[in-house]
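*Asks:* Have a look at this one before I ask anything.
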Amino acid sequence: MEIEFFELLDSAVNQASLLLQLIQATDTSFSADSVEAEVLTARYFLKLLEHYQNGQISPFDLCRIFNNIEIGFMGAARNLPVNIAYYPTWLGNLYNACDWCDETWTLEDNPHLLIEVEKQIQNIKDWLSNPIFR
126 MEIEFFELLD SAVNQASLLL QLIQATDTSF SADSVEAEVL TARYFLKLLE
176 HYQNGQISPF DLCRIFNNIE IGFMGAARNL PVNIAYYPTW LGNLYNACDW
226 CDETWTLEDN PHLLIEVEKQ IQNIKDWLSN PIFR
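126 is the number of the first residue of the sequence shown in the numbering used here; add one for each residue after it.
Encoded structure:
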(Lines of atoms letter the chains of each structure in order from A and count residues from 1; the text may use other names and numbers.)
(Lines give C-alpha, C1' and ligand atoms only; values in the text may rest on other atoms or scores of the structure.)
Protein backbone atom coordinates (compact mmCIF):
# COMPACT_ATOMS: atom_id res chain seq x y z
CA MET A 1 0.00 0.00 0.00
CA GLU A 2 1.40 3.34 -1.05
CA ILE A 3 1.31 6.08 1.59
CA GLU A 4 1.88 9.65 0.59
CA PHE A 5 4.36 11.53 2.74
CA PHE A 6 1.92 14.29 3.68
CA GLU A 7 -0.62 11.72 4.91
CA LEU A 8 1.79 10.89 7.72
CA LEU A 9 1.95 14.47 8.95
CA ASP A 10 -0.30 16.39 11.30
CA SER A 11 -3.25 17.66 9.25
CA ALA A 12 -3.68 20.65 11.58
CA VAL A 13 -0.34 22.05 10.36
CA ASN A 14 -0.12 23.95 7.08
CA GLN A 15 2.08 21.47 5.21
CA ALA A 16 2.22 23.60 2.06
CA SER A 17 3.78 26.44 4.03
CA LEU A 18 6.33 24.07 5.56
CA LEU A 19 7.19 22.65 2.16
CA LEU A 20 7.66 26.15 0.73
CA GLN A 21 9.95 27.04 3.65
CA LEU A 22 11.99 23.88 3.06
CA ILE A 23 12.34 24.62 -0.66
CA GLN A 24 13.28 28.24 0.00
CA ALA A 25 15.89 27.13 2.55
CA THR A 26 17.67 25.16 -0.17
CA ASP A 27 16.96 27.60 -3.03
CA THR A 28 16.60 31.16 -1.81
CA SER A 29 15.57 32.39 -5.26
CA PHE A 30 12.54 30.04 -5.42
CA SER A 31 9.15 31.74 -5.39
CA ALA A 32 5.71 30.16 -5.12
CA ASP A 33 4.63 32.57 -7.86
CA SER A 34 7.36 31.47 -10.29
CA VAL A 35 7.10 29.45 -13.47
CA GLU A 36 9.13 26.73 -11.72
CA ALA A 37 6.45 26.43 -9.04
CA GLU A 38 3.76 26.21 -11.70
CA VAL A 39 5.65 23.44 -13.52
CA LEU A 40 6.07 21.51 -10.25
CA THR A 41 2.36 21.90 -9.52
CA ALA A 42 1.38 20.75 -13.01
CA ARG A 43 3.59 17.65 -12.69
CA TYR A 44 2.16 16.88 -9.25
CA PHE A 45 -1.40 17.29 -10.51
CA LEU A 46 -0.68 15.12 -13.55
CA LYS A 47 0.35 12.31 -11.21
CA LEU A 48 -2.87 12.78 -9.19
CA LEU A 49 -4.97 12.63 -12.34
CA GLU A 50 -3.29 9.35 -13.28
CA HIS A 51 -4.00 8.03 -9.76
CA TYR A 52 -7.65 8.98 -10.28
CA GLN A 53 -7.77 7.10 -13.58
CA ASN A 54 -6.43 4.03 -11.78
CA GLY A 55 -9.05 4.30 -9.02
CA GLN A 56 -6.48 5.20 -6.36
CA ILE A 57 -8.21 8.40 -5.25
CA SER A 58 -11.87 9.34 -5.05
CA PRO A 59 -13.64 12.00 -7.12
CA PHE A 60 -14.11 14.05 -3.96
CA ASP A 61 -10.39 13.99 -3.14
CA LEU A 62 -9.45 14.85 -6.72
CA CYS A 63 -11.86 17.79 -6.81
CA ARG A 64 -10.76 18.99 -3.36
CA ILE A 65 -7.11 19.00 -4.44
CA PHE A 66 -8.00 20.68 -7.73
CA ASN A 67 -9.91 23.35 -5.82
CA ASN A 68 -6.90 24.02 -3.59
CA ILE A 69 -4.59 24.32 -6.61
CA GLU A 70 -7.03 26.61 -8.39
CA ILE A 71 -7.45 28.85 -5.34
CA GLY A 72 -3.67 29.00 -4.99
CA PHE A 73 -3.29 30.30 -8.53
CA MET A 74 -6.25 32.65 -8.39
CA GLY A 75 -5.00 34.20 -5.16
CA ALA A 76 -1.33 34.43 -6.12
CA ALA A 77 0.24 37.84 -6.51
CA ARG A 78 1.36 38.15 -10.13
CA ASN A 79 1.85 41.90 -10.41
CA LEU A 80 -1.10 42.10 -12.78
CA PRO A 81 -3.74 44.84 -12.88
CA VAL A 82 -6.57 44.26 -10.41
CA ASN A 83 -9.06 43.58 -13.21
CA ILE A 84 -6.97 40.70 -14.65
CA ALA A 85 -7.01 37.23 -13.09
CA TYR A 86 -4.35 34.67 -13.98
CA TYR A 87 -5.74 31.21 -14.72
CA PRO A 88 -3.28 28.59 -16.00
CA THR A 89 -4.42 26.99 -19.25
CA TRP A 90 -3.22 23.59 -18.01
CA LEU A 91 -5.96 23.62 -15.34
CA GLY A 92 -8.46 23.06 -18.15
CA ASN A 93 -12.16 22.56 -17.48
CA LEU A 94 -12.07 20.59 -14.23
CA TYR A 95 -13.84 23.45 -12.48
CA ASN A 96 -17.07 22.59 -14.31
CA ALA A 97 -16.54 18.83 -14.04
CA CYS A 98 -16.06 19.07 -10.26
CA ASP A 99 -19.07 21.33 -9.75
CA TRP A 100 -21.31 19.94 -6.98
CA CYS A 101 -18.88 17.11 -6.17
CA ASP A 102 -19.30 15.63 -2.70
CA GLU A 103 -18.27 12.53 -0.73
CA THR A 104 -20.99 10.42 -2.37
CA TRP A 105 -19.49 10.64 -5.86
CA THR A 106 -17.86 7.50 -7.22
CA LEU A 107 -15.79 6.93 -10.33
CA GLU A 108 -18.56 4.77 -11.79
CA ASP A 109 -21.35 7.29 -11.15
CA ASN A 110 -19.56 10.27 -12.70
CA PRO A 111 -18.20 9.37 -16.12
CA HIS A 112 -18.12 13.05 -17.09
CA LEU A 113 -15.32 13.57 -14.57
CA LEU A 114 -13.24 10.74 -16.04
CA ILE A 115 -13.71 12.23 -19.52
CA GLU A 116 -12.45 15.60 -18.28
CA VAL A 117 -9.55 13.94 -16.45
CA GLU A 118 -8.45 12.27 -19.69
CA LYS A 119 -8.60 15.63 -21.48
CA GLN A 120 -6.79 17.24 -18.58
CA ILE A 121 -3.95 14.71 -18.66
CA GLN A 122 -3.32 15.47 -22.33
CA ASN A 123 -3.68 19.19 -21.68
CA ILE A 124 -1.00 19.11 -18.97
CA LYS A 125 1.31 16.89 -21.04
CA ASP A 126 1.00 19.31 -23.95
CA TRP A 127 1.70 22.28 -21.68
CA LEU A 128 4.71 20.58 -20.07
CA SER A 129 6.12 19.66 -23.49
CA ASN A 130 6.94 23.32 -24.09
CA PRO A 131 10.77 23.41 -24.42
CA ILE A 132 10.89 26.38 -22.04
CA PHE A 133 9.92 24.09 -19.13
CA ARG A 134 12.68 21.52 -19.67
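Quick reminder that beta carbons are idealized off the backbone N, C-alpha and C, glycines included. On a predicted model such as this, the values are computed, not experimentally measured, just so you know.
#1: Quick check on DSSP: helix, strand or coil for D186?
#2: Can you tell me which of the three DSSP states W215 falls into?
#3: DSSP three-state label for V160, please.
#4: Tell me which residues share the same chain as R203 and place their Cβ nearer than 7 Å to its Cβ, disregarding the 5 neighbours each side in the sequence.
#5: Figure out for me which residue from L165, T214, E233, D152 has the closest Cα to the Cα of I185.
#6: What is the DSSP secondary structure of A150, counted as helix, strand or coil?
*Replies:* Walking through what the data contain:
#1: One-based indexing of the sequence shown puts residue 186 at position 61. Judged by DSSP in its simplified three-state form, D186 adopts helix.
#2: Locating residue 215 in the sequence shown gives position 90, counting from the first residue. Looking at W215 - three-state DSSP - the assignment turns out to be helix.
#3: In the sequence shown, residue 160 corresponds to position 35, counting from 1. Note: V160 maps to helix in three-state DSSP.
#4: Within the sequence shown, numbered from 1, the residue matching residue 203 stands at position 78. Excluding positions up to five away in sequence, the list reads D158, Y211.
#5: Counting from one through the sequence shown, the residue named residue 185 turns up at place 60. Just to set this straight, residue 185 is Phe in the shown sequence, not Ile. Among L165, T214, E233, D152, the Cα nearest to that of F185 is on E233.
#6: Reading the sequence shown from its first residue, position 25 is the one you call residue 150. The answer is helix: DSSP assigns A150 an H, G or I state.
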